[in-house]
Structure formats: structure tokens, C-alpha cells
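Student: My questions will all concern the structure given below.
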Amino acid sequence: MQGFMNRLWRALETGAAVSLGLMAALVIYQVGARYLFGSPPSWTEELARFLQVWLVLLASPICVRRGMHLAVDYVTPRLPPRAAIALRTGVLLISALFCLSLAFYGVRLLAVAGFQTSPALGISMVWPYLAVPVSGVLMAVAAGVLIVAGFRRGAEDDER
Numbered sequence: 410m411q412g413f414m415n416r417l418w419r420a421l422e423t424g425a426a427v428s429l430g431l432m433a434a435l436v437i438y439q440v441g442a443r444y445l446f447g448s449p450p451s452w453t454e455e456l457a458r459f460l461q462v463w464l465v466l467l468a469s470p471i472c473v474r475r476g477m478h479l480a481v482d483y484v485t486p487r488l489p490p491r492a493a494i495a496l497r498t499g500v501l502l503i504s505a506l507f508c509l510s511l512a513f514y515g516v517r518l519l520a521v522a523g524f525q526t527s528p529a530l531g532i533s534m535v536w537p538y539l540a541v542p543v544s545g546v547l548m549a550v551a552a553g554v555l556i557v558a559g560f561r562r563g564a565e566d567d568e569r
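Written as C-alpha cells, this is what we have:
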């Protein structure tokens, strides 16, 4: 299971990096086409925007897994170890529930997006909006992994 999770996180990191690279290349191409030919292709801006959405929403589970999201870490270090674990677990559970609700409503949003197409690319708007439920599920998984790791670390500390 650990091997699968490591491959999943590496794939997310690679996907985010590829999205960033493609987005930068598209913007450079668009600016170059504007100055060289007077009119950039209309699809480059839209595709760069969709890539940015996917980039942010693919990077979010990575940030959750690494504990890099914005946090106020004033109380936790001052608590006894068991209380700190309980507080972290509670915060992660609330975060996981929020992420699962994001995924749930993201799936409901897909039903509406299925009737729309993007103006420049002509693709179904399901593809850009699919990032919302995918990211919600992956962030909830990342929070779950941190909860399990926190319990394991707490159990190891108790054994010592």
C-alpha cells in the first residue's frame, strides 16, 4: 500500500510540474504570436487557464500531505503529546470532511458542466471541472494518511 501511495504522490507532483511547464509554454507562445503575427490563437489563453486550475488542484493534495497549508501553530507545541495528537487529528478530520464535501459537490457540478462546452477549445467543461472532485478525494486521502501516521507515531512514542 505504501508503494502505491508513493507512486500516486510522485504522479501528482509530475502532473503539477507538467501543467506548470505547459502553461508557461502556452503563455510564451501566446505573447510571441501576439507580437509576431498580431493575433494570438484564441485557444491558448483558455487552455492555459484550464491548466492553471488543474495545477492548483493537483498541488493541493501534495501540500496537505506535506503539511504545507497555512496553519497557526501556536497551541499545538504547547500541548502535551497526546493532546497535540488529538488536536491535529481533529483538525485533519474536519479538513477531510470538508474535502469530501468538495468532492461530493464537485461531482454534482459535473452534471451541469456536461451540458457546456468551452468557447475556444470546444471541449466539454467536464474536463476542467473534473479537477474539483479529483482534488477533493486526493486531499481527503492525504489527510487520512496523516491521521494514520500520527496515530502510528503516537503508538511508537507510547512504547518507548
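Residue numbers (the working numbering): 410 to 569. For glycine and all other residues, C-beta sits at the position ideal for the given N, C-alpha and C.
#1: Compute the Euclidean distance between the alpha carbons of residue 421 and residue 513, then round it to the nearest angstrom.
#2: Rank 521, 552, 555 by C-alpha distance to the C-alpha of residue 539 and give the top, closest one.
#3: If you reduce the DSSP assignment to three classes, tell me which class residue 448 lands in.
#4: Rounded C-beta distance between residue 545 and residue 515? I'm assuming under 8 Å.
#5: Which runs of the alpha helix (DSSP H) fall wholly inside the stretch 416–495 and span at least 4 residues, in chain order?
#6: Give a yes or no on whether the C-beta atoms belonging to residue 523 and residue 541 are separated by under 7 Å.
#7: Please report how far the alpha carbon of residue 474 lies from the alpha carbon of residue 448, in whole angstroms.
#8: Closer than 6 Å by C-beta to residue 499: which residues in its own chain qualify, once you throw out the five before and the five after it? Chain order, please.
#9: Can you tell which of 547, 441, 437 has its C-alpha closest to the C-alpha of residue 463?
#10: Taking 7 Å as the cut-off, decide whether the C-beta atoms of residue 505 and residue 549 are in contact.
#11: Going by C-alpha distance, which of 472, 562, 435 is nearest residue 450?
#12: DSSP state of residue 527, grouped into three classes?
#13: Rounded to whole angstroms, what is the Cα-Cα separation between residue 562 and residue 442?
Tutor: The structure says:
#1: Separation of residue 421 and residue 513 (C-alpha to C-alpha, rounded to the nearest whole angstrom) is 21 Å.
#2: Among 521, 552, 555, the Cα nearest to that of residue 539 is on 521.
#3: Three-state result, residue 448: coil.
#4: Correct: roughly 6 Å between the Cβ atoms.
#5: 451–475, all fully within the stretch 416–495.
#6: Their beta carbons are not under 7 Å apart, which means residue 523 does not touch residue 541 by this criterion.
#7: Between the alpha carbons of residue 474 and residue 448 lies a gap of roughly 42 Å.
#8: Around residue 499: no qualifying Cβ.
#9: The residue with the shortest Cα to Cα distance from residue 463 is 547.
#10: Between residue 505 and residue 549, the C-beta gap is smaller than 7 Å, which places the two residues in contact.
#11: Among 472, 562, 435, the Cα nearest to that of residue 450 belongs to 435.
#12: Coil.
#13: Using only the alpha carbons, I get a separation of about 55 Å.
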